[in-house]
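**Q**
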Amino acid sequence: MKRPCTTREAGFTLVETLVALVILGFIVAGLAQGLRFGLHAWDYQNVTIARDSALDTTDRTLRSLLASLAPGYDAHDPAVVGSSSSLQFTADLPINAPTGPTRLAKILLAVQPGRGLVLRWQPEFHAHWLVPPIPHVAVLLPDAASITFAYYRPAGSQPAGWVASWVGNTPPALIRIHLSLMPHGHHWPDIIVAPMRLPDTE
Numbered sequence: 010m011k012r013p014c015t016t017r018e019a020g021f022t023l024v025e026t027l028v029a030l031v032i033l034g035f036i037v038a039g040l041a042q043g044l045r046f047g048l049h050a051w052d053y054q055n056v057t058i059a060r061d062s063a064l065d066t067t068d069r070t071l072r073s074l075l076a077s078l079a080p081g082y083d084a085h086d087p088a089v090v091g092s093s094s095s096l097q098f099t100a101d102l103p104i105n106a107p108t109g110p111t112r113l114a115k116i117l118l119a120v121q122p123g124r125g126l127v128l129r130w131q132p133e134f135h136a137h138w139l140v141p142p143i144p145h146v147a148v149l150l151p152d153a154a155s156i157t158f159a160y161y162r163p164a165g166s167q168p169a170g171w172v173a174s175w176v177g178n179t180p181p182a183l184i185r186i187h188l189s190l191m192p193h194g195h196h197w198p199d200i201i202v203a204p205m206r207l208p209d210t211e
């Protein structure tokens with residue numbers, strides 16, 4: 010004679026099934042939340058790496074250009090014209106830059122709204138042309154919101170210190186660059202460069 014089946018032996022109760030489904034739902038929700046967090050962290054890391062790489066490249070480019078800043082000899086055409094928001098100077102372009110017969114170029118650094126930090130240059134031939142060479146424009150850092158230049162004046166007729174503008178054929182002792190980045194006003198550590206080329210003393 011067979012023993013009749015009890016409720017426990019027949020299967021799960023409705024309450025047990027509902028509890029299992031609720032627990033499963035929590036597990037699935039947790040996994041989905043973890044996946045979203047992981048994807049967000051991955052995207053943020055990629056953006057940070059790309060931004061830092063662009064900043065590092067810009068840092069090295071600016072240091073190279075300003076270190077090779079060339080002094081001038083024409084009193085009517087100063088070699089260095091700098092304000093707090095832009096800097097124009099003559100220097101050798103990097104070797105891999107698209108240049109013509111000479112790497113020496115007149116360069117302008119400034120931030121343009123909607124474009125970021127822009128480098129504008131045109132070849133410098135030490136001659137007066139009837140038609141000036143067509144300038145080239147390259148965007149160095151699209152995320153740049155603003156740029157601030159400062160120029161260190163060595164002791165002389167005036168006390169030594171940082172000034173907001175510089176005009177002349179002799180470069181300042183130091184040039185400091187402060188970059189503010191979009192979208193939240195982040196700042197890159199200030200770039201300070203000492204121009205290596207000085208006017209001939211002979």
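Residue numbering for the sequence shown follows our numbering, beginning at 10 and increasing consecutively.
Ideal Cβ positions, reconstructed from N, Cα and C, are used throughout, including at glycine.
1. How big is the Cα-Cα spacing for G170 and S77?
2. Which residues does DSSP pair with P132 in a beta bridge?
3. Would you kindly work out how many angstroms separate the C-alpha atoms of I184 and D152, rounded to a whole number?
4. Rounded to whole angstroms, what is the Cα-Cα separation between R72 and N178?
5. If you measure between the beta carbons of L96 and L118, is that distance less than 8 Å?
6. Using DSSP bridges, identify the partner residues of L78.
7. Since H145 contacts Q131 with CB under 8 Å, what's their CB separation in whole angstroms?
8. Got a sec? Which residues, its chain only, sit under 8 Å from I143 by beta carbon, not counting five neighbours each side?
9. Per DSSP, what kind of secondary structure is G9 in: helix, strand or coil?
10. Terminal residues of the continuous beta strand (DSSP E) containing R185?
11. Between which residues of its own chain and L74 is the CB-CB distance below 6 Å, once the five residues before and five after are set aside?
12. Can you tell which of V176, V37, L30 has the C-alpha that lies nearest to the C-alpha of Y82?
13. Excluding five sequence neighbours on each side, which residues of the same chain lie with their C-beta closer than 7 Å to the C-beta of W197?
14. Among residues of its own chain, excluding the 5 on either side of M205, which ones have a beta-carbon nearer than 6 Å to its beta-carbon?
15. Please state whether the Cβ-Cβ distance between A88 and L102 is less than 8 Å.
16. Secondary structure at D65, three-state DSSP: helix, strand or coil?
17. Considering only C-alpha positions, which residue in the set A154, S174, F98 is nearest to R162?
18. Rounding to the nearest angstrom, what Cα-Cα distance links Q42 and I36 in this structure?
19. Rank V24, D86, L128 by C-alpha distance to the C-alpha of I156 and give the top, closest one.
**A** From the atom records:
1. Put simply, the backbone Cα of G170 is about 22 Å away from that of S77.
2. Residue pairing by DSSP puts P132 in a beta bridge opposite A114.
3. C-alpha separation (whole angstroms): 22 Å.
4. Approximately 19 Å between the Cα atoms of the pair.
5. Judged by beta-carbon spacing, L118 lies within the 8 Å limit of L96, meaning their Cβ atoms are closer than that value.
6. Looking at the DSSP assignment, L78 forms a beta bridge with A100.
7. Q131 and H145 do touch by the CB rule: their CB atoms are close to 7 Å apart, below 8 Å.
8. Sequence-distant Cβ neighbours of I143 in its own chain, meaning closer than 8 Å and more than five residues away, are Q131.
9. Past the boundaries of the shown model lies residue 9; the chain is included only from 10 to 211, so the question cannot be answered.
10. 183–190 is the extent of the beta strand (DSSP E) around R185.
11. Closer than 6 Å at the Cβ level, and outside the excluded window around L74, lie A100.
12. The shortest C-alpha to C-alpha distance from Y82 to any of V176, V37, L30 is the one to V176.
13. So the list reads L64, L188, L190, once near-sequence residues are dropped.
14. Only residues of its own chain outside the window of five on either side were considered, and among them A76 have a CB closer than 6 Å to the CB of M205, listed in chain order.
15. Not a contact, by the Cβ cut-off of 8 Å.
16. D65 falls in the helix class under three-state DSSP.
17. R162 has its Cα closest to that of S174, out of A154, S174, F98.
18. In a straight line, the C-alpha of Q42 is about 10 Å away from that of I36.
19. L128 is the residue among V24, D86, L128 whose C-alpha sits nearest the C-alpha of I156.
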